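In my numbering, the protein residues as written are 482 to 802. C-beta: ideal position from N, C-alpha, C; glycine also. Treat the numbers as computed from the prediction; the structure is a model and nothing was measured. So the structure is just underneath, and the comments pick up after that.
See the structure below:
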(Lines of atoms letter the chains of each structure in order from A and count residues from 1; the text may use other names and numbers.)
(Lines give C-alpha, C1' and ligand atoms only; values in the text may rest on other atoms or scores of the structure.)
Protein backbone atom coordinates (compact mmCIF):
# COMPACT_ATOMS: atom_id res chain seq x y z
CA UNK A 1 0.00 0.00 0.00
CA UNK A 2 1.22 3.47 -0.87
CA UNK A 3 1.99 5.90 1.92
CA UNK A 4 -1.18 7.52 3.16
CA UNK A 5 -1.49 11.07 4.43
CA UNK A 6 -3.69 10.91 7.52
CA UNK A 7 -5.02 14.20 8.91
CA UNK A 8 -6.06 14.06 12.58
CA UNK A 9 -8.06 17.09 13.73
CA UNK A 10 -8.95 15.85 17.22
CA UNK A 11 -7.29 17.04 20.45
CA UNK A 12 -4.53 14.54 21.28
CA UNK A 13 -1.78 14.03 23.81
CA UNK A 14 1.51 12.20 23.37
CA UNK A 15 0.04 8.85 24.36
CA UNK A 16 -2.58 9.24 21.64
CA UNK A 17 0.08 10.08 19.06
CA UNK A 18 1.85 6.87 20.02
CA UNK A 19 -1.42 4.97 19.64
CA UNK A 20 -1.98 6.35 16.13
CA UNK A 21 1.64 5.74 15.15
CA UNK A 22 1.24 2.10 16.18
CA UNK A 23 -1.96 1.84 14.14
CA UNK A 24 -0.40 3.34 10.99
CA UNK A 25 3.31 2.42 10.78
CA UNK A 26 5.02 3.86 7.72
CA UNK A 27 2.24 6.36 6.99
CA UNK A 28 2.26 10.15 7.36
CA UNK A 29 0.35 11.46 10.36
CA UNK A 30 -0.54 15.15 10.36
CA UNK A 31 -2.03 16.74 13.50
CA UNK A 32 -3.89 20.04 13.34
CA UNK A 33 -6.80 21.50 15.37
CA UNK A 34 -9.99 21.46 13.31
CA UNK A 35 -10.36 25.24 13.43
CA UNK A 36 -6.91 25.74 11.89
CA UNK A 37 -7.22 23.31 8.98
CA UNK A 38 -6.96 25.05 5.61
CA UNK A 39 -8.71 23.86 2.46
CA UNK A 40 -5.29 23.01 0.99
CA UNK A 41 -4.29 20.92 4.00
CA UNK A 42 -7.57 18.99 3.98
CA UNK A 43 -7.40 18.42 0.23
CA UNK A 44 -4.00 16.75 0.57
CA UNK A 45 -5.30 14.05 2.94
CA UNK A 46 -6.21 10.49 2.04
CA UNK A 47 -7.84 9.99 5.45
CA UNK A 48 -9.36 12.51 7.87
CA UNK A 49 -10.06 11.61 11.47
CA UNK A 50 -12.44 14.09 13.11
CA UNK A 51 -15.02 16.62 11.96
CA UNK A 52 -14.38 19.36 9.44
CA UNK A 53 -17.10 21.50 7.82
CA UNK A 54 -18.82 19.77 4.92
CA UNK A 55 -17.84 22.64 2.61
CA UNK A 56 -14.16 21.85 3.27
CA UNK A 57 -14.68 18.11 2.81
CA UNK A 58 -16.33 18.82 -0.55
CA UNK A 59 -12.96 20.01 -1.84
CA UNK A 60 -11.10 16.85 -0.77
CA UNK A 61 -10.98 14.96 -4.08
CA UNK A 62 -8.40 12.37 -2.98
CA UNK A 63 -10.16 11.54 0.29
CA UNK A 64 -10.77 7.81 0.76
CA UNK A 65 -12.21 7.73 4.27
CA UNK A 66 -13.68 10.25 6.72
CA UNK A 67 -14.14 9.30 10.38
CA UNK A 68 -16.53 11.64 12.17
CA UNK A 69 -16.18 12.30 15.89
CA UNK A 70 -19.95 12.50 16.42
CA UNK A 71 -22.87 10.17 15.77
CA UNK A 72 -24.82 12.60 13.59
CA UNK A 73 -23.97 12.60 9.89
CA UNK A 74 -26.06 15.57 8.75
CA UNK A 75 -24.51 17.39 5.81
CA UNK A 76 -21.92 14.71 5.02
CA UNK A 77 -24.26 12.34 3.18
CA UNK A 78 -25.29 14.90 0.58
CA UNK A 79 -24.26 14.11 -2.96
CA UNK A 80 -20.97 15.77 -3.87
CA UNK A 81 -19.63 16.25 -0.33
CA UNK A 82 -17.53 13.08 -0.24
CA UNK A 83 -15.78 11.98 -3.43
CA UNK A 84 -17.23 8.90 -5.10
CA UNK A 85 -16.04 5.72 -3.42
CA UNK A 86 -15.03 7.40 -0.15
CA UNK A 87 -16.20 5.76 3.06
CA UNK A 88 -17.90 7.63 5.90
CA UNK A 89 -17.86 6.32 9.49
CA UNK A 90 -19.20 7.92 12.64
CA UNK A 91 -18.77 7.66 16.40
CA UNK A 92 -21.96 5.79 17.27
CA UNK A 93 -21.46 3.92 20.52
CA UNK A 94 -19.15 6.32 22.35
CA UNK A 95 -21.65 8.84 23.72
CA UNK A 96 -24.23 6.71 25.52
CA UNK A 97 -22.68 6.91 28.97
CA UNK A 98 -21.98 10.66 28.98
CA UNK A 99 -25.21 11.85 27.41
CA UNK A 100 -27.49 9.53 29.40
CA UNK A 101 -25.93 10.80 32.65
CA UNK A 102 -26.50 14.39 31.50
CA UNK A 103 -30.14 13.57 30.74
CA UNK A 104 -30.68 12.21 34.24
CA UNK A 105 -28.94 15.22 35.78
CA UNK A 106 -31.26 17.62 33.93
CA UNK A 107 -34.32 15.52 34.77
CA UNK A 108 -33.49 15.47 38.49
CA UNK A 109 -32.75 19.19 38.44
CA UNK A 110 -36.29 19.81 37.18
CA UNK A 111 -38.17 17.13 39.12
CA UNK A 112 -36.45 17.90 42.42
CA UNK A 113 -36.52 21.72 41.97
CA UNK A 114 -32.74 21.86 42.42
CA UNK A 115 -32.28 25.03 40.38
CA UNK A 116 -34.93 26.83 42.45
CA UNK A 117 -33.45 25.60 45.72
CA UNK A 118 -30.05 26.85 44.55
CA UNK A 119 -31.51 30.30 43.87
CA UNK A 120 -33.07 30.26 47.34
CA UNK A 121 -29.70 29.31 48.79
CA UNK A 122 -28.11 32.32 47.12
CA UNK A 123 -30.79 34.49 48.71
CA UNK A 124 -30.48 32.73 52.12
CA UNK A 125 -34.07 31.49 52.01
CA UNK A 126 -35.36 28.35 53.76
CA UNK A 127 -38.59 27.57 51.90
CA UNK A 128 -40.09 24.27 50.82
CA UNK A 129 -41.41 24.08 47.29
CA UNK A 130 -44.24 21.99 45.85
CA UNK A 131 -43.95 18.18 45.94
CA UNK A 132 -41.18 16.58 43.92
CA UNK A 133 -41.77 14.08 41.14
CA UNK A 134 -40.47 10.48 41.37
CA UNK A 135 -38.74 8.40 38.73
CA UNK A 136 -39.67 5.11 40.42
CA UNK A 137 -43.12 4.08 39.22
CA UNK A 138 -43.08 6.46 36.24
CA UNK A 139 -43.36 5.59 32.55
CA UNK A 140 -40.51 6.69 30.30
CA UNK A 141 -40.88 6.88 26.52
CA UNK A 142 -37.57 6.91 24.64
CA UNK A 143 -37.84 8.14 21.04
CA UNK A 144 -34.68 6.98 19.30
CA UNK A 145 -33.52 3.76 20.92
CA UNK A 146 -29.97 3.84 19.59
CA UNK A 147 -26.82 3.94 21.70
CA UNK A 148 -27.78 7.08 23.64
CA UNK A 149 -31.44 6.24 24.01
CA UNK A 150 -30.65 2.68 25.09
CA UNK A 151 -28.16 3.86 27.73
CA UNK A 152 -30.76 6.25 29.13
CA UNK A 153 -33.49 3.59 29.01
CA UNK A 154 -31.32 1.16 30.96
CA UNK A 155 -30.62 3.72 33.69
CA UNK A 156 -34.28 4.68 33.96
CA UNK A 157 -35.36 1.04 34.17
CA UNK A 158 -32.78 0.45 36.91
CA UNK A 159 -34.38 3.28 38.89
CA UNK A 160 -37.83 1.73 38.63
CA UNK A 161 -39.32 3.45 35.58
CA UNK A 162 -41.31 1.42 33.05
CA UNK A 163 -39.65 2.00 29.68
CA UNK A 164 -41.29 2.15 26.25
CA UNK A 165 -38.97 2.47 23.27
CA UNK A 166 -39.43 3.73 19.73
CA UNK A 167 -36.92 3.00 16.99
CA UNK A 168 -36.75 3.03 13.19
CA UNK A 169 -37.01 -0.71 12.61
CA UNK A 170 -38.72 -3.59 14.37
CA UNK A 171 -35.81 -5.45 15.97
CA UNK A 172 -35.61 -7.47 19.21
CA UNK A 173 -35.93 -5.18 22.23
CA UNK A 174 -33.54 -5.06 25.19
CA UNK A 175 -34.84 -6.95 28.22
CA UNK A 176 -35.08 -3.77 30.31
CA UNK A 177 -37.46 -2.19 27.77
CA UNK A 178 -41.07 -3.11 28.52
CA UNK A 179 -42.49 -2.35 25.09
CA UNK A 180 -40.95 -1.36 21.77
CA UNK A 181 -42.55 0.15 18.68
CA UNK A 182 -41.70 1.96 15.46
CA UNK A 183 -42.48 5.63 14.88
CA UNK A 184 -45.99 4.99 13.55
CA UNK A 185 -47.04 4.13 17.12
CA UNK A 186 -45.86 7.47 18.57
CA UNK A 187 -49.29 9.10 18.91
CA UNK A 188 -50.68 6.03 20.65
CA UNK A 189 -47.96 5.82 23.33
CA UNK A 190 -47.29 9.53 23.99
CA UNK A 191 -50.31 9.93 26.33
CA UNK A 192 -48.92 7.20 28.60
CA UNK A 193 -45.53 8.78 29.25
CA UNK A 194 -44.44 10.76 32.30
CA UNK A 195 -41.02 11.34 30.73
CA UNK A 196 -40.45 11.65 26.98
CA UNK A 197 -36.77 11.44 26.00
CA UNK A 198 -35.58 12.19 22.47
CA UNK A 199 -32.27 11.14 20.93
CA UNK A 200 -32.95 11.55 17.22
CA UNK A 201 -30.58 12.62 14.40
CA UNK A 202 -31.35 15.72 12.37
CA UNK A 203 -32.98 14.69 9.10
CA UNK A 204 -36.10 15.86 7.27
CA UNK A 205 -38.09 12.91 8.60
CA UNK A 206 -37.22 13.79 12.22
CA UNK A 207 -38.11 17.47 11.94
CA UNK A 208 -40.73 18.60 14.47
CA UNK A 209 -41.56 15.12 15.69
CA UNK A 210 -42.72 17.04 18.75
CA UNK A 211 -45.05 19.78 17.54
CA UNK A 212 -48.35 21.31 18.62
CA UNK A 213 -50.27 18.17 17.72
CA UNK A 214 -47.99 15.75 19.56
CA UNK A 215 -47.57 18.08 22.54
CA UNK A 216 -51.36 18.07 22.88
CA UNK A 217 -51.23 14.29 23.33
CA UNK A 218 -48.80 14.43 26.26
CA UNK A 219 -49.71 14.52 29.94
CA UNK A 220 -49.78 18.07 31.37
CA UNK A 221 -47.33 16.82 34.01
CA UNK A 222 -44.94 15.16 31.52
CA UNK A 223 -41.31 16.18 31.12
CA UNK A 224 -39.72 16.37 27.66
CA UNK A 225 -35.97 15.73 27.29
CA UNK A 226 -34.16 16.41 24.01
CA UNK A 227 -30.48 15.60 23.47
CA UNK A 228 -30.58 14.63 19.79
CA UNK A 229 -31.11 17.58 17.48
CA UNK A 230 -33.02 20.78 18.17
CA UNK A 231 -34.98 20.51 14.93
CA UNK A 232 -36.89 17.53 16.34
CA UNK A 233 -38.90 19.89 18.57
CA UNK A 234 -40.94 22.91 17.49
CA UNK A 235 -39.48 25.48 19.90
CA UNK A 236 -42.35 27.94 19.69
CA UNK A 237 -44.97 25.24 20.21
CA UNK A 238 -42.96 24.01 23.20
CA UNK A 239 -42.84 27.52 24.68
CA UNK A 240 -46.59 27.85 24.36
CA UNK A 241 -47.24 24.48 26.01
CA UNK A 242 -44.89 25.20 28.92
CA UNK A 243 -46.20 28.70 29.60
CA UNK A 244 -49.82 27.55 29.39
CA UNK A 245 -49.23 24.72 31.86
CA UNK A 246 -49.97 22.05 29.26
CA UNK A 247 -46.58 20.41 29.87
CA UNK A 248 -44.77 19.81 33.14
CA UNK A 249 -41.31 20.80 31.96
CA UNK A 250 -38.52 20.42 29.41
CA UNK A 251 -34.82 19.54 29.60
CA UNK A 252 -32.97 20.67 26.47
CA UNK A 253 -29.34 20.22 25.52
CA UNK A 254 -30.21 21.09 21.91
CA UNK A 255 -32.53 23.77 20.56
CA UNK A 256 -34.01 25.19 17.39
CA UNK A 257 -32.30 27.46 16.46
CA UNK A 258 -28.84 26.78 17.85
CA UNK A 259 -27.17 28.65 19.44
CA UNK A 260 -30.36 29.92 21.01
CA UNK A 261 -30.58 33.71 20.47
CA UNK A 262 -30.50 35.77 23.70
CA UNK A 263 -34.02 37.11 23.10
CA UNK A 264 -35.63 33.78 22.21
CA UNK A 265 -38.72 33.15 24.40
CA UNK A 266 -37.55 29.64 25.24
CA UNK A 267 -35.01 31.08 27.71
CA UNK A 268 -37.82 32.40 29.91
CA UNK A 269 -40.35 29.62 29.43
CA UNK A 270 -41.72 27.97 32.58
CA UNK A 271 -39.99 24.87 33.95
CA UNK A 272 -37.28 24.56 31.32
CA UNK A 273 -33.63 23.55 31.84
CA UNK A 274 -31.30 24.49 28.98
CA UNK A 275 -27.66 23.52 28.48
CA UNK A 276 -25.64 24.66 25.41
CA UNK A 277 -25.21 21.33 23.57
CA UNK A 278 -22.54 20.06 25.95
CA UNK A 279 -23.75 16.57 26.88
CA UNK A 280 -21.87 14.84 24.08
CA UNK A 281 -18.81 16.97 23.47
CA UNK A 282 -15.27 16.55 24.76
CA UNK A 283 -16.17 18.06 28.14
CA UNK A 284 -16.01 14.54 29.58
CA UNK A 285 -12.50 13.14 29.15
CA UNK A 286 -13.76 9.56 29.01
CA UNK A 287 -15.80 10.42 25.91
CA UNK A 288 -12.78 11.80 24.07
CA UNK A 289 -10.77 8.72 25.02
CA UNK A 290 -13.45 6.47 23.51
CA UNK A 291 -13.51 8.54 20.31
CA UNK A 292 -9.73 8.39 19.91
CA UNK A 293 -9.67 4.65 20.61
CA UNK A 294 -12.35 4.11 17.94
CA UNK A 295 -10.39 6.24 15.46
CA UNK A 296 -7.16 4.32 16.09
CA UNK A 297 -8.90 0.96 15.84
CA UNK A 298 -10.63 1.93 12.60
CA UNK A 299 -7.37 3.33 11.23
CA UNK A 300 -5.63 0.00 11.81
CA UNK A 301 -8.58 -1.78 10.16
CA UNK A 302 -8.57 0.58 7.17
CA UNK A 303 -4.86 0.17 6.49
CA UNK A 304 -5.04 -3.62 6.83
CA UNK A 305 -8.10 -3.95 4.62
CA UNK A 306 -10.44 -5.10 7.40
CA UNK A 307 -14.09 -3.99 7.66
CA UNK A 308 -14.50 -0.66 9.44
CA UNK A 309 -16.75 -0.08 12.43
CA UNK A 310 -19.74 2.28 12.08
CA UNK A 311 -19.81 2.52 8.30
CA UNK A 312 -22.60 4.94 7.36
CA UNK A 313 -25.23 4.12 4.76
CA UNK A 314 -25.12 7.26 2.61
CA UNK A 315 -28.79 6.89 1.65
CA UNK A 316 -30.10 6.89 5.24
CA UNK A 317 -27.40 8.61 7.32
CA UNK A 318 -27.43 5.72 9.79
CA UNK A 319 -24.76 3.07 10.26
CA UNK A 320 -25.15 -0.20 8.39
CA UNK A 321 -26.11 -3.26 10.39
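Backbone CA spacing between residue i and residue j [nearest angstrom]
i	j	result
residue 670	residue 622	8 Å
residue 828	residue 772	In the structure as shown, the chain begins at 482 and stops at 802. Residue 828 is therefore absent and cannot be evaluated.
residue 615	residue 642	9 Å
residue 491	residue 498	11 Å
residue 691	residue 795	26 Å
residue 632	residue 708	13 Å
residue 519	residue 545	18 Å
residue 537	residue 523	7 Å
residue 769	residue 636	22 Å
residue 696	residue 755	19 Å
residue 556	residue 535	6 Å
residue 728	residue 666	21 Å
residue 663	residue 677	15 Å
residue 721	residue 762	30 Å
Close-in-space but distant-in-sequence residues of the same chain around residue i (CB under 6 Å, 5 per side omitted)
i	result
residue 488	511, 526, 529
residue 781	504
residue 547	529, 569
residue 571	549, 552, 554, 791, 793
residue 650	none
Neighbourhood of residue i by C-beta distance below 8 Å, restricted to the same chain and skipping five residues each side
i	result
residue 627	552, 573, 648, 680
residue 674	620, 621, 622, 645, 699, 700, 703
residue 486	508, 509, 511, 525, 526, 527, 528
Exposure label - residue i; buried when at least 16 CB within 10 Å
i	result
residue 710	buried
residue 764	exposed
residue 716	buried
residue 759	exposed
residue 799	buried
residue 653	exposed
residue 742	exposed
residue 737	buried
DSSP three-state assignment for residue i, whether helix, strand or coil
i	result
residue 516	helix
residue 818	Within the shown structure, residues of the chain are numbered from 482 to 802, placing residue 818 beyond reach of any answer.
residue 551	coil
residue 693	helix
Anticipated Cβ contact below 8 Å, residue i with residue j, distance rounded
i	j	result
residue 576	residue 629	6 Å
residue 610	residue 597	6 Å
Any C-beta of chain D under 8 Å from that of residue i
i	result
residue 545	The question asks about chain D, but that chain is absent: this structure has only one protein chain.
Own chain partners of residue i with C-beta closer than 7 Å, once the 5 adjacent residues on each side are dropped
i	result
residue 581	629, 632, 633, 636
residue 779	548, 570, 789, 790
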